[in-house]
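In my numbering, the protein residues as written are 212 to 329.
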């Protein structure tokens, strides 16, 4: 385990499962979560044994621009390293924000597969 969910209303958990880096976002993902939990994510992504990243955001109840920036940077950094990133599960709130901001289309251009839009 690299790190666990943070205290409070939301968090970001990261663990390496074989060569797959599993990222789970839950609750209110905001500036507090980005500042507290994302440094462990960036460190884990730099590991040479990471072959793929799976993101589960099915438990997200709130996502602001700071939380969205975690997903944007993760997609960008994984793409730059040639590491496939998969959005394996999204809450309706995350799905709506990705659509409204155009981030879903941008991620698709990077080759980020994810759940089919509702």
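Every residue gets a Cβ at the ideal spot worked out from N, C-alpha and C, and that includes glycine.
Practice item. Return the first residue and the last residue of the alpha helix (DSSP H) that residue 261 is part of. Key: Premise fails: residue 261 is in no alpha helix (DSSP H) and is neither H nor E.
**Study point:** Helix, strand or coil at residue 222 [DSSP, three-state]
**Key:** strand
**Study point:** Bounding residues of the alpha helix (DSSP H) (the contiguous stretch that carries residue 278)
**Key:** 276-292
Check your understanding: Count the other CB atoms within 10 Å of the CB of residue 328; is the residue buried (16 or more) or exposed (fewer)?
Key -> Note that residue 328 has pLDDT 46, beneath the 50 cutoff, so the model's placement of it is unreliable and the number below is only indicative. Exposed: under 16 other Cβ atoms inside 10 Å.
Review point. When the Cα atoms are used, what is the spatial distance from residue 251 to residue 285?
Key: 12 Å
Review point. So, helix, strand or coil for residue 312, using DSSP?
Key: helix
Exercise for review: Classify residue 269 as helix, strand or coil using the three-state DSSP reduction.
Suggested key: strand
Exercise for review: Answer with buried or exposed for residue 241, where buried requires no fewer than 16 other C-beta atoms within 10 angstroms of its C-beta.
Suggested key: buried
Check your understanding: Among 248, 262 and 275, which residue has its Cα nearest to the Cα of residue 293?
Key -> 262
Point to revise | Candidates 266, 260, 258 and 259: closest to residue 224 by CA position | key: 266
Review point. Alpha carbon to alpha carbon, how far is residue 213 from residue 308?
Key: Legend: pLDDT at residue 213 = 39, less than 50; position of this residue unreliable, value from coordinates given subsequently. Their backbone Cα atoms lie some 28 Å apart in a straight line.
Practice item. List the DSSP bridge partners of residue 239. Key: 273
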